[in-house]
Structure formats: structure tokens, C-alpha cells
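Trainee: 1134 is the number of the first residue of the sequence shown in the working numbering; add one for each residue after it.
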Amino acid sequence: MYSLRRRSRRWIPLASPFLGCLFLYYLFAIRSLPRAFFSQTLIRCPPLPGIENVLVVVKTGVTEAMEKLPVHFNTTLKCIPNYVIFSDFEEDVAGVHVHDVLRNVDPIVKQTNPDFEIYNRLQKQGRQGLRPFDLRDDANTPTGKPNNPGWKLDKWKFLPMVDEALSAKPDAKWYVFMEADTYIFWSNLMQWLSKFDARQPHYLGTETQIADVIFAHGGSGFMLSNPAMRRASEQRAAHAAELDEFVNIHWAGDCVLGKVLADAGVPLRFTWPLLQNSRLAEVDTLTTDFYRKPWCFPAVGYHHMSPEEIEFMWRFEQNRYRKTNDALLLHSDIFREVIHYQIELANPRSDWDNLSGDEHPTSGSLENCKTRCQKDLHCFQYSWRDDRCYTSKTPKLGTSSVGAQSAWMSDRINNTIKRMGTCRKVDWGL
């Protein structure tokens, strides 16, 4: 039986004098932020009705835990009464116990499958057994990071994670799964979950597909009700050897879990754009290319967030709640108050890539690139990188990139914001 990490509601200090520097140095490399952007005060956790019936499960790995976990203990998990950290190595990180989620995997699998080489090595040698290539950030491919030992092992965590979470808190109504680079907006999440009957099997997540399997993308965060968890656990127990072989030949553990749930009669409920497989810098709030428009949807989760971005978003969220007493955050709110705000602070911007994706090889200079965007009434931004011109029909914030030049069409963005207007109704996608 697990000993859960429990936290009581407490007052949380927001130390703001250094926040501008934190944000600009680590996140957007801007010289300063107005002091009014944050406040130095004590902020209580916003009301989270039902959170006592939720178990938050954070999945990580030994190669990233020391870097990515501590920020959560100081920010996002402060208001969460029940959470557990699952990894491939048992240890304490920043005073919090991290559990080995692979401890009950079939010993024969662990002894014979090459994916477990790093696991077995660390069982014998501890962290001293880590080698430089274990920590190398392998390039991402359409099938993940096949040369990264920690990534290859990660797929084995998803099915055991269900059983271990049930063991940790068998009476939870909801199980919220996230990764160490996931940011969850807890108030939005709890309001969303309250719209579902937790006595029924529910599987909520950002829709992804491999072959004929539709599943929730793991890094974006996904949610399972207690009945769904139990169905998945029973399905795994009934087909243990078969599923071990399926995990072995597959490359994505979240896909394997999705198949188990589908076979157990629990299909995925599509949740985009509430849960995003993007970091803040990449979010495309104004897009109209998909089956839903994000503008009036609540933001529930971001992925690929650095510790500094997590720190910033947490303090932004808490400060906003203190000022407005409104914990609900729509994608439109974040666009206006964070993304658009940062765009206007420095436009144009040097050593910055705003992630424009439409390439124009014939535009031979930055000035020509600017002219091309100005003439195209649908162009919202452009960038010049590697001596090539890129434009985009939707605005994104982007990220620092040495040598890149970026700019945005401010008037067009402002006019679009006015046209989109204030949301009269929150869209939960139900």
C-alpha cells in the first residue's frame, strides 16, 4: 500500500520582485516586465471542490526527475491533497518519495527484455550507474526516441501505473495522469470533471491515433474515472502475457493503454482543445483549421513545459485569481493576458523564432519577407531564419532562437481579438 503525499490547503507566498527576471531570462528572454504584472502577496489556493476525491499521478523517469520534479512540489502540487510520483527508479527527490512503478512487472520480462537494461543497471548501482548516453536528449522522430534508454523503458510504465494508482488510492473517484513537463489548471480541471458522472467509466484525453488505435496522448494529461481504471486493471490481469508482448513490439505506452481501455469497453472521449500537446509558446489560440475553435474553451493542460515556464504560469494563475477572484481561465484569457501581452512587449524581435511555418524560398531578405506578409491580408506574423522567409496565418508567441528575426502584424491581431470578442458562454465540448 502506498503512502500518499498529502498536502493541506495553505497560504502560498508569491515573491514577485524576481519574477520578471525569472520569466524573461528563462522563458522569453525579455529585458523587463512591469512590476504590476505580478504582486508580492499571500494567496490562498482557489476552491477546488471534489479535489479530495482525486488522485494525481505524475509519471517521470530517473533521467529527468531531478530536473523536472522540484518545481511541481513548490508550485502546481501545493494545492493538491493526494498525489503520487511514479518513475522507473525508487528514490527521494526534494524530500518527496518517488515510487518504482515497474516493481511488479513480470521478473522474466525485466530480466530478458533489453528495454530494461538501464532499469537493471540502476537497481544494482543506483544513480551512480547512469551513463552520459542515458542523459542525452535524443532527437524526436515519428516513432519517438528509439535511441534513448529512458524513453524505450517509458512505454512499460503505463499499464502498471493503473494498478499502482488503484493501490495508492482505491477509493478515488478520478485519477489524473500527467508527466513532469505537463501543466494542469486545477480549477478548470475540477469544474470540467464535475460535469461527468464519476460512477461511469470515463476516459478523457487529447485524441491521438496510431494504426487503428485511438488513445489519449500521455504528455497532455489524461483522466480516468474509478470504473474505467478497474476495467483496465481487469483487462490487463486477464491478458497479462499477451499485453507484455504487445508492449514489447509497440513503441507508445499511452497507445497500449488506449487499446486496453477500448478492449475493456471504455472508448476515449475527445477533449481537444482543453488539453494541449503544446507548450505556451506553440499554442495556436486563433486557429480555425480544426473541428473546434479554442477561443472559448477553458485551458486544462499544456505539455512540453520547462520548469521555468511552469513556475511562471503558476504565479500568473495565482496572481490573477487574487486580483479577480475568478479561477476560470479560457484560452482567450491566456492569449490576451500572456501571449498577446508578450508579443506587444517587443515587436519586432531579434534572436526570436515565432514558429511561422509557411516557407517562401524566393523571398531573398528580411525586408522582402516583411513586405510579403504585409501584402497578404491573412498573414499575422513572419520570421527570417537560416536566410529563409516564413509566414503564418495565425499568431504564436514562439521562443528564443539565436539569429532568427520575428515580427507580428499588430493591427491584424488586435482587430481579430476585437472580432472574436468576449465569450458569452464557456465551451466545455460536451
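By construction, the Cβ of each residue, glycine as well, lies at the ideal position given by its N, Cα and C atoms. Since this is a predicted model, take the numbers as computed values, not measurements.
I'd like the list of long-range same chain contacts for Val1204, defined as Cβ closer than 6 Å, with 5 residues on each side in sequence excluded.
Mentor: If you number the sequence shown from 1, residue 1204 lands on position 71. Excluding sequence neighbours, Val1204 sits near Pro1440, Ile1443 and Glu1444.
Trainee: For Val1380 and Lys1201, what's the separation of their Cα atoms in angstroms?
Mentor: Locating residue 1380 in the sequence shown gives position 247, where the first residue counts as 1. Locating residue 1201 in the sequence shown gives position 68, where the first residue counts as 1. Computed Cα separation, rounded: 26 Å.
Trainee: With DSSP as the reference, label Met1446 as helix, strand or coil.
Mentor: In the sequence shown, counting from the first residue as 1, residue 1446 sits at position 313. Three-state result, Met1446: helix.
Trainee: Here's the rule I'm using: 16 or more other beta-carbon atoms within 10 Å means buried, otherwise exposed. How should Val1559 be labelled?
Mentor: Taking the sequence shown and counting its residues from 1, the one referred to as residue 1559 is at position 426. Looking at its Cβ environment, which holds fewer than 16 other Cβ atoms inside 10 Å, Val1559 is exposed.
Trainee: Check the DSSP bridge columns for Trp1517 and list the partner residues they point to.
Mentor: As a working note, residue 1517 is residue 384 in the sequence shown. BP columns for Trp1517 point to Cys1522 and Gln1538.
Trainee: Check whether the Cβ atoms of Trp1405 and Glu1340 sit closer than 8 Å, and answer yes or no.
Mentor: Within the sequence shown, numbered from 1, the residue matching residue 1405 stands at position 272. Within the sequence shown, numbered from 1, the residue matching residue 1340 stands at position 207. Yes, they are a contact pair.
Trainee: Can you tell me whether Asp1544 is buried or exposed, with buried defined as 16 or more other CB within 10 angstroms of its CB?
Mentor: Translated into the one-based positions of the sequence shown, residue 1544 becomes position 411. Exposed, because fewer than 16 other Cβ atoms sit within 10 Å of the Cβ of Asp1544.
Trainee: My output table needs one value for Gly1351: the three-state DSSP class, helix, strand or coil.
Mentor: Numbered from 1 along the sequence shown, position 218 holds the residue referred to as residue 1351. Correct three-state label for Gly1351: helix.
Trainee: When you compare the CB positions of His1232 and Ile1218, do they come within less than 8 Å of one another, or not?
Mentor: Position 99 of the sequence shown, counted from the start, is the residue given in the question as residue 1232. Position 85 of the sequence shown, counted from the start, is the residue given in the question as residue 1218. Yes. Within cutoff.
Trainee: For my contact list, Cys1388 and Phe1355 are in at a C-beta cut-off of 8 Å; report their separation, rounded to the angstrom.
Mentor: Numbered from its first residue, the sequence shown carries residue 1388 at position 255. Numbered from its first residue, the sequence shown carries residue 1355 at position 222. So it is not a contact: roughly 12 Å between Cβ atoms.
Trainee: Indicate whether Ser1489 and Ser1516 have their beta-carbon atoms separated by less than 8 Å.
Mentor: Counting from one through the sequence shown, the residue named residue 1489 turns up at place 356. Counting from one through the sequence shown, the residue named residue 1516 turns up at place 383. Cβ atoms of Ser1489 and Ser1516: closer than 8 Å.
Trainee: Under 8 Å, do Val1189 and Asn1207 count as touching if we go by C-beta distance?
Mentor: In the sequence shown, counting from the first residue as 1, residue 1189 sits at position 56. In the sequence shown, counting from the first residue as 1, residue 1207 sits at position 74. The answer is no: Cβ separation not under 8 Å.
Trainee: State yes or no: is the C-beta of Val1416 within less than 8 Å of the C-beta of Ala1361?
Mentor: For the purposes of this step, residue 1416 is taken as residue 283 along the sequence shown, with counting starting at 1. For the purposes of this step, residue 1361 is taken as residue 228 along the sequence shown, with counting starting at 1. The answer is no: Cβ separation not under 8 Å.
Trainee: Name the two residues that bound the continuous beta strand (DSSP E) containing Arg1482.
Mentor: Taking the first residue of the sequence shown as position 1, residue 1482 is located at position 349. It spans Arg1482 to Asp1486 - the beta strand (DSSP E) in which Arg1482 sits, taken as one unbroken run.
Trainee: Mind checking who Gln1324 pairs with in its DSSP beta bridge?
Mentor: For the purposes of this step, residue 1324 is taken as residue 191 along the sequence shown, with counting starting at 1. Paired residues: none, contrary to the question.
Trainee: Which whole-angstrom value describes the C-beta separation of Ser1320 and Leu1181, a residue pair presumed to lie in contact below a C-beta threshold of 8 Å?
Mentor: By 1-based counting over the sequence shown, the position of residue 1320 is 187. By 1-based counting over the sequence shown, the position of residue 1181 is 48. Right, the Cβ-Cβ distance comes to about 6 Å (below 8 Å), so this counts as a contact.
Trainee: Where do the ends of the alpha helix (DSSP H) carrying Met1553 lie?
Mentor: Start at 1 with the first residue of the sequence shown, and residue 1553 comes out as number 420. First-last of the alpha helix (DSSP H) with Met1553: Ser1543 to Met1553.
Trainee: Could you check the C-alpha separation between Gln1342 and Val1187 for me, to the nearest Å?
Mentor: Start at 1 with the first residue of the sequence shown, and residue 1342 comes out as number 209. Start at 1 with the first residue of the sequence shown, and residue 1187 comes out as number 54. Rounded to whole angstroms, Gln1342 to Val1187 spans 27 Å at the Cα level.
Trainee: What's the C-alpha gap between Thr1209 and Gly1434?
Mentor: By 1-based counting over the sequence shown, the position of residue 1209 is 76. By 1-based counting over the sequence shown, the position of residue 1434 is 301. Straight-line Cα distance between these residues: approximately 12 Å.
Trainee: Start and end of the alpha helix (DSSP H) containing Lys1192?
Mentor: Your numbering for residue 1192 matches position 59 in the sequence shown. Premise fails: Lys1192 lies in the beta strand (DSSP E), Val1187 to Lys1192, not in any alpha helix (DSSP H).
Trainee: According to DSSP, is Val1416 part of a helix, a strand, or is it coil?
Mentor: The residue you call residue 1416 lines up with position 283 of the sequence shown. Residue state, collapsed to three classes: coil.
Trainee: Since Glu1375 is in the alpha helix (DSSP H), which residue starts that stretch and which ends it?
Mentor: Within the sequence shown, residue 1375 is the residue found at index 242, counting from 1. That run of the alpha helix (DSSP H) goes Ala1373 to Ile1382.
Trainee: Helix, strand or coil: how does DSSP classify Thr1527 here?
Mentor: Locating residue 1527 in the sequence shown gives position 394, counting from the first residue. If DSSP states are grouped into helix, strand and coil, Thr1527 belongs with coil.
Trainee: Along the chain, which unbroken stretches of the beta strand (DSSP E) at least 3 residues long are found entirely within the region 1254-1322?
Mentor: For the region 1254-1322, whole beta strand (DSSP E) runs of length 3 or above, ordered along the chain, are 1307-1312.
Trainee: Can you have a look at Asp1225 and say buried or exposed, based on whether 16 or more other CB atoms are within 10 angstroms of its CB?
Mentor: Numbered from its first residue, the sequence shown carries residue 1225 at position 92. Answer is exposed; the Cβ neighbour count stays below 16.
Trainee: Report all residues from its chain with a CB closer than 8 Å to the CB of Asp1486; omit the five preceding and five following residues, and keep chain order.
Mentor: Position 353 of the sequence shown, counting from 1, holds the residue named residue 1486. Here the set comprises Ser1516, Arg1518, Gly1531, Thr1532, Ser1533, Ser1534, Ala1537 and Ser1539.
Trainee: Return the CA-CA distance between Pro1240 and Cys1429, expressed in angstroms with no decimal places.
Mentor: Translated into the one-based positions of the sequence shown, residue 1240 becomes position 107. Translated into the one-based positions of the sequence shown, residue 1429 becomes position 296. If I take the Cα positions, the gap works out to 49 Å.
Trainee: Given Lys1306, which residues of its chain have a CB within under 6 Å of its CB, disregarding the five upstream and five downstream residues?
Mentor: Along the sequence shown, one-based indexing puts residue 1306 at 173. The answer, listed in chain order, is Asn1186, Ala1331 and Asn1359.
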